[in-house]
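S.K.: Quick one: the structure is below, and I'll ask about it shortly.
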Amino acid sequence: MKNTLTRYREATTIAVESLLLHKARSFLTMLGIVFGVGAVIAMLSIGEGARQESLEQIEVLGVRNIIIRSMPASDQSSDDAKGRVRPFGISRKDADALRQICSFAERLTVNWESDVEARTYQGSTSVTLIGTTPEHADIFNVRLSRGSFLIPHHMQSTANVCIIGSEAKQKLFGFEDPMHKLVKLDDQWFTVIGIMESKKDAMTAEAALPAMNSSIIIPLTTAMSKFPREEAGSTLRFGGRRRGRGGSETAYLDRTTIDQIAMQVRPETEITEAAAVITRLLRQRHNDQIDFTVTIPEQLIEQSQKTQSIFNIVMGAIAGISLLVGGIGIMNIMLASVLERTKEIGVRRAIGATRAMIITQFLTEATMLSVAGGVMGILLGWLLTEVITAYADWRTIVSVWSIFLAFTVAVATGIGFGFYPAKRAADKDVIEALRYE
């Protein structure tokens, strides 16, 4: 055991001396490993960041939710062509019908949205006013840092109470405590009963949902009674913006028109089939006028994950090629080193060094090159993630397992490609090696 440790110490000392003797060559040899490890870490950090984004979107949108939003009518039925007029977009009547017919619905909430000016004695800002129901908090997992959410009594009494987002709170009240203070929304005064925690914005393929941090929530009944929409010349929110009649002369804005219905289905429900049922029901109610979208957040997240998987495969292939090039570089340099040190190998064999000792010697050098390259690659990978986050605005998360994986693969690559030169050195004939000039 002692002799083995001594041999390894000697091999390490000779390897260090040999690598330091040719610093530039050693550094250039490591570059392939450095860039390979850096690329692997950067790629995995982007993938981990995207995965975390997906998890946050699941939390915001809800994995069992179906979101129905109003949109401009994409076509008109034959009845419309004959001059018949009808409201466009979804309405509270649609929400009531879904609640009665869809037995798979566990919870359902309605959103009415409008852009208004909010004022306090400390400041003012433009906010998205959301009229909704108490179920909104459970469906969209709304968390409050202070106060409480809406209750049925607020709906029944059309109370002038509100819950404000974290950004709206900062702009309207600064560092003051807004609880139970007044906020003027257009020409109506509302009492603050709750403050929402900061929350990531939710996105769907069809539309950007309201940014909750800059929103103010009030009871749905209060919104629809005290901020009425007029049938003529009014506007409706579509895809995060407000539009007029949607380009149709036969469609108008009904006073019961709303912006969104969100349904949370029961756990045992097949969500795709539930969405198909909702779509058929609404099309029947709207006489085949497509003035709504039905979005399943779960499907959007799955599609995003598939896209990210393809990206990860491509990035992984690029990183693998970098590591392969790095391994070939180590092998080439080690072969050149074997050729240069042929006489040294002959002398060592002549004074009693075994083939195993020669293999150990050169494998130690290859291992040290790959280890040093791996360490430098980790630093490069961390730097790349910082640059990507700063300039590409992509979320990156460097995990311990990604560093371990990249470093392990780098060392294995170095050892794998270093074995052939080491074996070739050990197989040299002693007499021919001593005669080599």
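Oh and the sequence shown: position 364 is 906 in our numbering, straight run, nothing missing. Positions of the beta carbon are idealized from the N, C-alpha and C atoms, including for glycine.
1) Using only CA atoms, which one of 825, 582, 839 lies nearest to residue 598?
2) Decide if residue 683 is buried, meaning its Cβ has at least 16 other Cβ atoms within 10 Å, or exposed.
3) Just tell me which of 941, 910, 721 has its CA closest to the CA of residue 1007.
4) State the DSSP-derived secondary structure class of residue 741, mapped to helix, strand or coil.
5) For my contact list, residue 585 and residue 916 are in at a C-beta cut-off of 8 Å; report their separation, rounded to the angstrom.
6) Assuming residue 884 contacts residue 970 (C-beta within less than 8 Å), just tell me the rounded distance between them.
7) What is the DSSP secondary structure of residue 970, counted as helix, strand or coil?
8) Decide if the segment 680–696 is in contact with the segment 652–664; the criterion is three or more beta carbon pairs, one per stretch, under 8 Å apart.
9) So is residue 828 buried or exposed if we call it buried at 16+ other beta carbons inside 10 Å?
10) Taking the DSSP output, what are the residues bridged to residue 761?
11) Thinking C-beta only, is residue 736 closer than 8 Å to residue 758?
12) Considering Cα atoms alone, identify which of 711, 673, 671 is closest to residue 686.
13) Taking residue 610 and residue 632 to be in contact with their CB atoms under 8 Å, please state how far apart those CB atoms are, rounded to whole angstroms.
14) Drop a sphere of 10 angstroms on the beta-carbon of residue 820, count the other beta-carbons inside from all chains shown, and report buried for 16 or more, exposed for fewer.
15) If you draw a straight line from the alpha carbon of residue 618 to that of residue 799, how long is it in whole angstroms?
16) Please specify which runs of the beta strand (DSSP E), each continuous and at least 3 residues long, are wholly inside the segment 823–865, giving them in chain order.
17) Within a Cβ cutoff of 6 Å, which residues of the same chain sit near residue 959, ignoring the five residues on either side of it in sequence?
18) Can you tell which of 967, 920, 913 has the C-alpha that lies nearest to the C-alpha of residue 882?
19) Please determine, among 764, 913, 666, the residue with the shortest C-alpha to C-alpha distance to residue 954.
20) Assign residue 770 to one of two classes, buried (16 or more other C-beta atoms within 10 Å of its C-beta) or exposed (fewer than that).
M.R.: This is what the structure holds:
1) 839
2) exposed
3) The chain is shown from 543 up to 979; residue 1007 falls before or after that span and cannot be answered.
4) In this structure, residue 741 counts as coil in the three-state DSSP scheme.
5) About 16 Å separates the two Cβ atoms, so there is no contact after all.
6) 7 Å
7) coil
8) Flag = no, the segment 680–696 and the segment 652–664 do not touch.
9) buried
10) 674
11) no
12) 711
13) 6 Å
14) buried
15) Residue placement at residue 618 is flagged as unreliable, the pLDDT there being 47, under the threshold of 50; a coordinate-derived value is accordingly withheld.
16) Counting whole runs of 3 or more residues, the segment 823–865 contains the beta strand (DSSP E) stretches 834–837.
17) Correct list, in chain order: 869, 872, 873.
18) 967
19) 913
20) exposed
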